[in-house]
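Right, one structure below, let's go through it.
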Amino acid sequence: MTLLAVERIKLFTTRSPWWSMLLALGLTIGITAIIAANWGAESPMPVLGAVFVHNLGLYVIMVMAALAVTTEYRFGTIKATFQAVPDRISPLVAKAVVVVLLAGLVGLVSAFGSWGLSWLLADNTSELALESANDWRHVAGVGLVYAAGALLALGVGTLVRQTAGAVSIILVFALVLESVVGFIPNIGDDIQKWMPFTVAGKFIFGSPDPSVIPDGQGPPAIGELSPWGSFGYFAAVALAIYIISLVVVKRRDA
Numbered sequence: 004m005t006l007l008a009v010e011r012i013k014l015f016t017t018r019s020p021w022w023s024m025l026l027a028l029g030l031t032i033g034i035t036a037i038i039a040a041n042w043g044a045e046s047p048m049p050v051l052g053a054v055f056v057h058n059l060g061l062y063v064i065m066v067m068a069a070l071a072v073t074t075e076y077r078f079g080t081i082k083a084t085f086q087a088v089p090d091r092i093s094p095l096v097a098k099a100v101v102v103v104l105l106a107g108l109v110g111l112v113s114a115f116g117s118w119g120l121s122w123l124l125a126d127n128t129s130e131l132a133l134e135s136a137n138d139w140r141h142v143a144g145v146g147l148v149y150a151a152g153a154l155l156a157l158g159v160g161t162l163v164r165q166t167a168g169a170v171s172i173i174l175v176f177a178l179v180l181e182s183v184v185g186f187i188p189n190i191g192d193d194i195q196k197w198m199p200f201t202v203a204g205k206f207i208f209g210s211p212d213p214s215v216i217p218d219g220q221g222p223p224a225i226g227e228l229s230p231w232g233s234f235g236y237f238a239a240v241a242l243a244i245y246i247i248s249l250v251v252v253k254r255r256d257a
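When the letters of the sequence shown are read in order and numbered with the working numbering, they come out as residues 4 to 257.
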């Protein structure tokens, strides 16, 4: 409990988390509000439209998570932490708990804020009601994706230890590499299907039954994975990277 309190204090006494949260919420809710306000009355705005830009906030929150650990390496405070807690693992796990919970909360506020504003601003809201389990997954699932993404970013930040390097890896992989890999001849499409952020998108936008999704209204879950299986895959990748980072930290100098 003491370690959790310490990590919470360390996180909230710096400006970057506050600015990151505000930016994530501003981007997702603000852009969704613009989309909803300009959505034509001739067609109803779907639930998926309310969370269409959730990735923008996800990338910001992942940067925040990476900064939570790289900043400590930059200013050397991580050494004092490891001296106080020699096993090294406990403080990093405590940090992960705090950051992941915060990321999940921001994701929920972002998603439900976007959905609420869409309900208020869209001319035709006949399909915006959360009437099924899938509707709730489309919106509430954003919090889970943000939480898993934050854990992945913490792992990358812990491995790299440098802010510029960690942020570059996260953003280049998510924004560039996952798209470019699809251009590899013969095998590109097969590889791209299993890229973690691509699969995470299938959790939010996918359907258990691909046939019920008309063209342009969201991709189905990949292969044999259901939408929840897609989230499990993304979470497993994030957890694996984080566990590897803990093993590396245990073995190397601070």
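Idealized CB from N, CA, C, for every residue including glycine.
Where the alpha helix (DSSP H) containing residue i begins and where it ends
{"i": "Ile34", "result": "18-40"}
{"i": "Lys196", "result": "Segment: none, Lys196 is in no alpha helix (DSSP H) and carries neither H nor E."}
{"i": "Arg164", "result": "Element bounds for Arg164: n/a, residue is neither H nor E."}
{"i": "Ser46", "result": "Segment: none, Ser46 is in no alpha helix (DSSP H) and carries neither H nor E."}
{"i": "Ala229", "result": "Per the sequence shown, residue 229 should be read as Ser rather than Ala. Where Ser229 is concerned, there is no enclosing alpha helix (DSSP H), given that its DSSP letter is neither H nor E."}
{"i": "Val103", "result": "92-124"}
{"i": "Trp63", "result": "According to the sequence provided, residue 63 is Val. The question's Trp does not apply to it. Its alpha helix (DSSP H) spans residues 57-78."}
{"i": "Arg255", "result": "Unbroken run through Arg255: none, as it is neither H nor E."}
Inter-residue CB distance, residue i and residue j (contact presumed, cutoff 8 Å)
{"i": "Gly107", "j": "Tyr149", "result": "6 Å"}
{"i": "Val142", "j": "Phe186", "result": "With a Cβ gap of about 33 Å, Val142 and Phe186 do not count as contacting."}
{"i": "Met67", "j": "Ser113", "result": "That belief does not hold up - the Cβ atoms of Met67 and Ser113 are roughly 13 Å apart, past 8 Å."}
{"i": "Val102", "j": "Ala71", "result": "5 Å"}
{"i": "Phe200", "j": "Ala177", "result": "5 Å"}
{"i": "Val145", "j": "Val54", "result": "6 Å"}
{"i": "Ile92", "j": "Leu228", "result": "About 31 Å separates the two Cβ atoms, so there is no contact after all."}
{"i": "Gly52", "j": "Thr31", "result": "Actually they are not in contact, since the Cβ atoms of Gly52 and Thr31 sit about 13 Å apart, beyond 8 Å."}
{"i": "Thr2", "j": "Gln165", "result": "Residue 2 is absent from the model: the chain starts at 4 and stops at 257."}
{"i": "Ala69", "j": "Ala156", "result": "5 Å"}
Spatial distance of residue i from residue j (CA atoms)
{"i": "Val1", "j": "Ala97", "result": "Residue 1 cannot be examined here, being either before or after the span of the chain that is shown, 4 to 257."}
{"i": "Leu7", "j": "Leu154", "result": "16 Å"}
{"i": "Gly152", "j": "Pro94", "result": "20 Å"}
{"i": "Gln220", "j": "Asn189", "result": "Because Gln220 sits at a pLDDT of 46, beneath the cut-off of 50, its placement in the model cannot be relied upon, and the following sentence gives the value as read from the coordinates. Cα to Cα, the separation comes out at about 27 Å."}
{"i": "Ala40", "j": "Ser121", "result": "8 Å"}
{"i": "Ala241", "j": "Ile194", "result": "18 Å"}
{"i": "Lys13", "j": "Ile34", "result": "31 Å"}
{"i": "Val100", "j": "Ser135", "result": "30 Å"}
{"i": "Gly29", "j": "Leu123", "result": "17 Å"}
{"i": "Gly79", "j": "Ala125", "result": "50 Å"}
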